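The structure appears right after this line, and notes come after that.
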Amino acid sequence: MAENPIKVRVEGEIAYIALNRPEKRNAINQAMLRALPEAIDEVDRNDVRAIIIYGEGQAFSAGIDFTSLTNDTGAQGGRAAAPTCSAFGASSRSRKRR
6 MAENPIKVRV EGEIAYIALN RPEKRNAINQ AMLRALPEAI DEVDRNDVRA IIIYGEGQAF
66 SAGIDFTSLT NDTGAQGGRA AAPTCSAFGA SSRSRKRR
């Protein structure tokens, strides 16, 4: 399994955010949902003009990894609760550019 679910690098005015679970075709789990807003906050600065989000390996993302979410949601009867992306709302903020 990949060490960090999200990788970040900045080259000049471009930031690159990689979904880093290639062995699971970058299926999104709770760790990714927590790490992605942090990555966006990390590159949210005046010298970054664009953010490219991509997936490591052969796929951008296979979607939600429901098997990894079932243990984290407290769902009963083996059914996973619908994952939420409310963490993204806390991270997104508008700001004026020069």
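Take 6 as the starting number for the sequence shown in our numbering and just add one per residue. For glycine and all other residues, C-beta sits at the position ideal for the given N, C-alpha and C. Everything numeric in this text was worked out from a predicted model, so none of it was measured.
- If you count every other CB in all the chains shown that lies within 10 Å of the CB of R39, and 16 or more means buried, which is it? The residue labelled residue 39 in the question sits at position 34 within the sequence shown. It counts as exposed.
- Item | I22 beta carbon less than 8 Å from that of I69 | Taking the first residue of the sequence shown as 1, we reach residue 69 at position 64. Taking the first residue of the sequence shown as 1, we reach residue 22 at position 17. Contact check for I69 against I22 fails: the beta carbons are separated by 8 Å or more.
- Which two residues bound the contiguous alpha helix (DSSP H) that contains R14? Counting from one through the sequence shown, the residue named residue 14 turns up at place 9. Not the alpha helix (DSSP H): R14 falls in the beta strand (DSSP E), residues I11 to E16.
- Task: Starting from A67, follow the beta strand (DSSP E) in both directions and report where the run begins and ends.
- Result: As a first step, residue 67 is located in the sequence shown; it is residue number 62 there, counting from the start. No residue range can be given for A67, since it is assigned to no beta strand (DSSP E) and is classified by DSSP as neither H nor E.
- Task: Please confirm whether R30 and A67 have their CB atoms less than 8 Å apart.
- Result: Reading the sequence shown from its first residue, position 25 is the one you call residue 30. Reading the sequence shown from its first residue, position 62 is the one you call residue 67. Yes.
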